[in-house]
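One structure below.
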Amino acid sequence: MKKTVWKLLLTLPMFLVLLLLAAGAKTLAQETAQTTPQPSPQPTIDSPITSVSELSDVQPTDWAFSALQSLVERYGCIVGYPDKTYRGNRPLSRYEFAAGLNACLDQINQLIASSTADLVTREDLATLQRLTEEFGPELAQLRGRVDNLEARTVEVEANQFSTTTKLVGDVVFLVADTFGDRANNTSADDTSDETNTIFSYRARLSFQTSFTGKDQLNTDLIASNLPNLIAETGTHMTRFALDRSARFEDNDLYLANLYYRFPIGDKVTVWLGARTLNFPIYVPTLNPLNGNLLQGGISRFGQFNPTVYRPGFDGAGAAFAYKFSDQFQLHAAYIADGFAASQPSGGLFNNSSQAIISQLTISPSKNLDIGLTYTHKYYPTNSGNNLTGGTGSAFARNPFLQNATTSDNFGLQFNWKLAEKFNLGGWFGYTLAYQQDNGDSNATIINGALTFAFPDLFKEGNVGGITVGIPPKVTSNNFRVAGQRREDPDTSLHIEAFYRFRVSDRISITPDFYVITAPEHNSANDLIWVGAVRTTFTF
1089 MKKTVWKLLL
1099 TLPMFLVLLL
1109 LAAGAKTLAQ
1119 ETAQTTPQPS
1129 PQPTIDSPIT
1139 SVSELSDVQP
1149 TDWAFSALQS
1159 LVERYGCIVG
1169 YPDKTYRGNR
1179 PLSRYEFAAG
1189 LNACLDQINQ
1199 LIASSTADLV
1209 TREDLATLQR
1219 LTEEFGPELA
1229 QLRGRVDNLE
1239 ARTVEVEANQ
1249 FSTTTKLVGD
1259 VVFLVADTFG
1269 DRANNTSADD
1279 TSDETNTIFS
1289 YRARLSFQTS
1299 FTGKDQLNTD
1309 LIASNLPNLI
1319 AETGTHMTRF
1329 ALDRSARFED
1339 NDLYLANLYY
1349 RFPIGDKVTV
1359 WLGARTLNFP
1369 IYVPTLNPLN
1379 GNLLQGGISR
1389 FGQFNPTVYR
1399 PGFDGAGAAF
1409 AYKFSDQFQL
1419 HAAYIADGFA
1429 ASQPSGGLFN
1439 NSSQAIISQL
1449 TISPSKNLDI
1459 GLTYTHKYYP
1469 TNSGNNLTGG
1479 TGSAFARNPF
1489 LQNATTSDNF
1499 GLQFNWKLAE
1509 KFNLGGWFGY
1519 TLAYQQDNGD
1529 SNATIINGAL
1539 TFAFPDLFKE
1549 GNVGGITVGI
1559 PPKVTSNNFR
1569 VAGQRREDPD
1579 TSLHIEAFYR
1589 FRVSDRISIT
1599 PDFYVITAPE
1609 HNSANDLIWV
1619 GAVRTTFTF
């Protein structure tokens, strides 16, 4: 009874989301055809002026303008605006005029205090007195604002966390459940869905330190009890993007990221990391739907091309980016398993999992980005051999069991902004895997997806998205176990829809639903639904 009710409750919202997304796309197409783009509104600046009647500008023909101009020329008390312009005879507001008058008052006071009062004529003092009386309210308000700003500055300096470090963070609450029989069941009596509705969390504190203003040292701490659903569903295809690492227990507080980024000149950026320096940190994945794990879809596969961007281990190493121009960027990196790299028995270059990545990002126009990516991976014997980063079928993740494996992974990613409120994107991944010991078998693995993004859907700041793809699948493999090739017989589809509703600048709620057809690329398995609601707090 529980499952029937939940299925109805979750299935209905999913189709509503799909219908809403379709309606939004149709409306967008109609608007695009009937209207021309309008310039973006300019941001407003807070001002003490509360009424249009108060905007009494000072014109170049006014006596006050000429009087102040004469003082400026005689005493050099105004050097221009911060952008090094003087702006000639442009009309200025009374507040701008008062600021200039205040600068001249300060300059003349300094001349008097330095025993050079003879440089200040009686006529100029009379002019200053008349100007001060005329603009007394503006001067008083200006000085009050300066005093208030100084007080606030003192308070910030007294209570700041650090002179070099900014503390930011986020908290995710997740309510979720799965529906459908467990994949690859070996017992006919143990096929029913036994999962219950979960309520879990992930909390992250990020210390962002800068020593020069252009560099950044990231130190992230995470505590989480988000499950990975593998045991309950029998497949990695149902995993969440933010689920807990298997190397840590529920509620453990652990160091999640530790890396340092700094520029060299105007064209080169370098990253050095000892903990989780993984590809999405320094390589553009070209997926606007899920570039931010807190704002996009919830599934692990739906984030980006897993065979080129997920190494399958927590990396330690170095990366760099070279910007040839706005149209061409090159990224390259070398990382090793951070756990093995810290041990003398493993090391950074020997006896640990390793990956080398390179990507050329091409932007032929401001609305189109294309990424051409190559990643070489190596996994030693009994290292876990996770070729697809915890996505896809068991055969794709580990085509040769626990034998040492290398793989050449090729990726094509793109994002095309077809309209102001519609982006089309996607990727295709092709992998050639090779057995390195106890044989010389080889395997071919593919995956791909299309993404449909609807920014500002129904309301500014909200996002709708749909992802349709094929999780990593083995299309050929001559490695055999008990006479059977480790090849996937059928094809699974990953279909996902979500809508992120922004409650405020720092709170959002995201309902998300995805379905896996023929889990583990095996039509003998019934489809599995995953329904979730994510609430995100950022601070």
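The opening position of the sequence shown corresponds to residue 1089 in the numbering used here, with each subsequent residue numbered one higher.
For every residue, glycine included, the Cβ atom is placed at its ideal position computed from N, Cα and C.
Query - Cβ-based burial, A1319 [other Cβ within 10 Å; buried from 16] - result: Numbered from 1 along the sequence shown, position 231 holds the residue referred to as residue 1319. Of the other Cβ atoms in all chains shown, fewer than 16 fall within 10 Å of the Cβ of A1319; this residue is therefore exposed.
Query - Spatial distance of T1220 from R1240 (CA atoms) - result: By 1-based counting over the sequence shown, the position of residue 1220 is 132. By 1-based counting over the sequence shown, the position of residue 1240 is 152. When rounded, the distance between both Cα atoms is 27 Å.
Query raised in the report: In its own chain, which residues sit with a C-beta less than 6 Å from the C-beta of N1474, not counting the 5 before and 5 after it?
Result: Translated into positions along the sequence shown, residue 1474 becomes position 386. Answer for N1474: G1400 and R1485, listed in chain order.
Query raised in the report: Between T1476 and L1489, what straight-line distance do the alpha-carbon atoms span, to the nearest angstrom?
Result: Numbered from its first residue, the sequence shown carries residue 1476 at position 388. Numbered from its first residue, the sequence shown carries residue 1489 at position 401. Approximately 14 Å, taken between the alpha carbons.
Requested in this report: Write down the C-beta distance between R1643 and A1404 rounded to the nearest angstrom, noting that I regard them as a contact closer than 8 Å.
Outcome: Here the chain has residues from 1089 to 1627 only, and residue 1643 is not among them.
Query raised in the report: Is it buried or exposed for R1231, if we count other Cβ within 10 angstroms and need 16 for buried?
Result: The sequence position of residue 1231 within the sequence shown is 143, counting from 1. So R1231 counts as exposed.
Query raised in the report: Hey, A1443 and I1423 are a contact pair by Cβ (cut 8 Å); roughly how many whole angstroms apart?
Result: In the sequence shown, the residue the question calls residue 1443 occupies position 355. In the sequence shown, the residue the question calls residue 1423 occupies position 335. The Cβ separation is near 5 Å, so the contact holds.
Query - Where the beta strand (DSSP E) containing G1434 begins and where it ends - result: Position 346 of the sequence shown, counted from the first residue, corresponds to residue 1434. First-last for G1434: undefined, no H or E at that position.
**Report entry** Spatial distance of P1129 from D1593 (CA atoms)
**Finding:** Reading the sequence shown from its first residue, position 41 is the one you call residue 1129. Reading the sequence shown from its first residue, position 505 is the one you call residue 1593. Note that P1129 scores 36 on pLDDT, short of 50, meaning its location in the model is unreliable; the coordinates nonetheless yield the value given after this. If I take the Cα positions, the gap works out to 19 Å.
Report task. Can you say whether R1568 is buried or exposed, counting buried as having 16 or more other CB atoms within 10 angstroms of its CB? Result -> Translated into the one-based positions of the sequence shown, residue 1568 becomes position 480. For R1568, the number of other beta carbons within 10 angstroms of its own is below 16, and it is reported as exposed.
Query raised in the report: What are the start and end residues of the alpha helix (DSSP H) that includes G1527?
Result: Numbered from 1 along the sequence shown, position 439 holds the residue referred to as residue 1527. Premise fails: G1527 is in no alpha helix (DSSP H) and is neither H nor E.
**Report entry** According to DSSP, residues forming a beta bridge with G1513
**Finding:** Start at 1 with the first residue of the sequence shown, and residue 1513 comes out as number 425. Its beta-bridge partners are N1503 and T1539.
**Report entry** Buried or exposed (CB count within 10 angstroms, at least 16 for buried), N1455
**Finding:** Taking the first residue of the sequence shown as 1, we reach residue 1455 at position 367. Sixteen is the threshold: since fewer than 16 other Cβ atoms of the shown chains lie within 10 Å of the Cβ of N1455, the residue is exposed.
Requested in this report: Spatial neighbours of F1586 within its chain, please: CB distance less than 6 Å, with the 5 preceding and 5 following residues excluded, ordered by chain position.
Outcome: The count along the sequence shown starts at 1 and reaches residue 1586 at position 498. The answer, listed in chain order, is G1385, G1553, T1598 and D1600.
Query raised in the report: From what residue to what residue does the alpha helix (DSSP H) around L1219 run?
Result: One-based indexing of the sequence shown puts residue 1219 at position 131. Where L1219 is concerned, the enclosing alpha helix (DSSP H) stretches over R1210 to E1222.
Query - Outcome for S1534 when other beta-carbon atoms lying within 10 angstroms are tallied against a minimum of 16 - result: On the sequence shown, position 446 is the one that residue 1534 refers to. The question names Ser, but residue 1534 is Ile in the sequence shown. Buried is the call here.
**Report entry** Helix, strand or coil at G1301 [DSSP, three-state]
**Finding:** The residue you call residue 1301 lines up with position 213 of the sequence shown. If DSSP states are grouped into helix, strand and coil, G1301 belongs with coil.
**Report entry** CA-to-CA distance, T1215 to E1222, given in whole angstroms
**Finding:** Start at 1 with the first residue of the sequence shown, and residue 1222 comes out as number 134. Start at 1 with the first residue of the sequence shown, and residue 1215 comes out as number 127. Looking at the backbone, the Cα of E1222 and that of T1215 are separated by about 11 Å.
Query raised in the report: Can the beta-carbon of I1616 be found less than 8 Å from the beta-carbon of T1321?
Result: The count along the sequence shown starts at 1 and reaches residue 1616 at position 528. The count along the sequence shown starts at 1 and reaches residue 1321 at position 233. Going by C-beta atoms, I1616 is nearer than 8 Å to T1321.
Query raised in the report: Since T1395 is in the alpha helix (DSSP H), which residue starts that stretch and which ends it?
Result: Taking the sequence shown and counting its residues from 1, one reaches residue 1395 at position 307. Element bounds for T1395: P1394 to Y1397.
Query raised in the report: Considering only residues of the same chain and omitting the five flanking positions on each side of Q1415, which have a CB-CB separation below 8 Å?
Result: Within the sequence shown, residue 1415 is the residue found at index 327, counting from 1. Excluding its 5 nearest sequence neighbours in each direction, Q1415 has C-beta neighbours in its own chain below 8 Å: I1450, S1451 and P1452, listed in chain order.
Requested in this report: Rounded to whole angstroms, what's the CA-CA distance from V1358 to R1327? Just pull it up for me.
Outcome: For the purposes of this step, residue 1358 is taken as residue 270 along the sequence shown, with counting starting at 1. For the purposes of this step, residue 1327 is taken as residue 239 along the sequence shown, with counting starting at 1. Counting only the Cα atoms, R1327 lies some 32 Å from V1358.
Query - Simplified DSSP state of E1584, which is helix, strand or coil - result: Your numbering for residue 1584 matches position 496 in the sequence shown. In the three-state reduction of the DSSP assignment, E1584 falls in the strand class, which pools E and B.
Requested in this report: Measuring alpha carbon to alpha carbon, tell me which of H1464, N1491, L1436 and A1271 ends up nearest Q1447.
Outcome: To locate residue 1447, count along the sequence shown from 1; it is residue 359. Of H1464, N1491, L1436 and A1271, the smallest CA-CA separation from Q1447 is found for H1464.
Query raised in the report: How far does the alpha helix (DSSP H) with F1401 in it reach, from first residue to last?
Result: Against the sequence shown, residue 1401 aligns to sequence position 313. It is not in any alpha helix (DSSP H) - F1401 carries neither H nor E in the DSSP assignment.
Query - Inter-residue spacing [alpha-carbon to alpha-carbon] between A1507 and F1546 - result: Sequence index remark: in the sequence shown, residue 1507 carries index 419 (1-based). Sequence index remark: in the sequence shown, residue 1546 carries index 458 (1-based). Straight-line Cα distance between these residues: approximately 15 Å.
Query raised in the report: Expressed to the nearest angstrom, what Euclidean distance is found between the alpha-carbon atoms of R1398 and Y1370?
Result: One-based indexing of the sequence shown puts residue 1398 at position 310. One-based indexing of the sequence shown puts residue 1370 at position 282. Rounded to whole angstroms, R1398 to Y1370 spans 13 Å at the Cα level.
Query raised in the report: Buried or exposed: K1509, going by 16 or more other Cβ atoms within 10 Å of its Cβ?
Result: On the sequence shown, position 421 is the one that residue 1509 refers to. When all chains shown are included, K1509 counts as buried.
Query raised in the report: What did DSSP end up calling Q1391 once you bin it into helix, strand or coil?
Result: Here residue 1391 corresponds to residue number 303 of the sequence shown, with the count starting at 1. Under the three-state reduction of DSSP, Q1391 is assigned to helix.
Query raised in the report: So does E1211 have its beta carbon nearer than 7 Å to some heavy atom of the ligand PLP?
Result: Absence of the ligand PLP from the depicted structure is noted, as is the absence of any ligand whatsoever, leaving it without description.
Requested in this report: Report the residue from V1260, I1196, N1339 and E1238 whose alpha carbon sits nearest the alpha carbon of F1631.
Outcome: Only positions 1089 to 1627 of the chain appear in this structure, which leaves residue 1631 out of reach.
Query raised in the report: For K1395, which option in Q1195, T1285, G1472 and Y1462 has the closest C-alpha, if you only look at C-alpha atoms?
Result: As a working note, residue 1395 is residue 307 in the sequence shown. One point to set straight first is that residue 1395 is Thr, not Lys, in the sequence displayed. Comparing Cα positions, the closest option is Y1462.
Query raised in the report: Taking the alpha carbon of G1536 as the point to measure from, which residue in V1551, Q1217, T1579 and Y1289 has its own alpha carbon closest?
Result: Looking up residue 1536 in the sequence shown gives position 448. Comparing Cα positions, the closest option is T1579.
Query raised in the report: Using the beta-carbon count (16 or more within 10 Å), is S1387 buried or exposed?
Result: Looking up residue 1387 in the sequence shown gives position 299. Buried: at least 16 other Cβ atoms inside 10 Å.
Query raised in the report: What did DSSP end up calling A1187 once you bin it into helix, strand or coil?
Result: Working through the sequence shown from its first residue, we reach residue 1187 at position 99. Helix.
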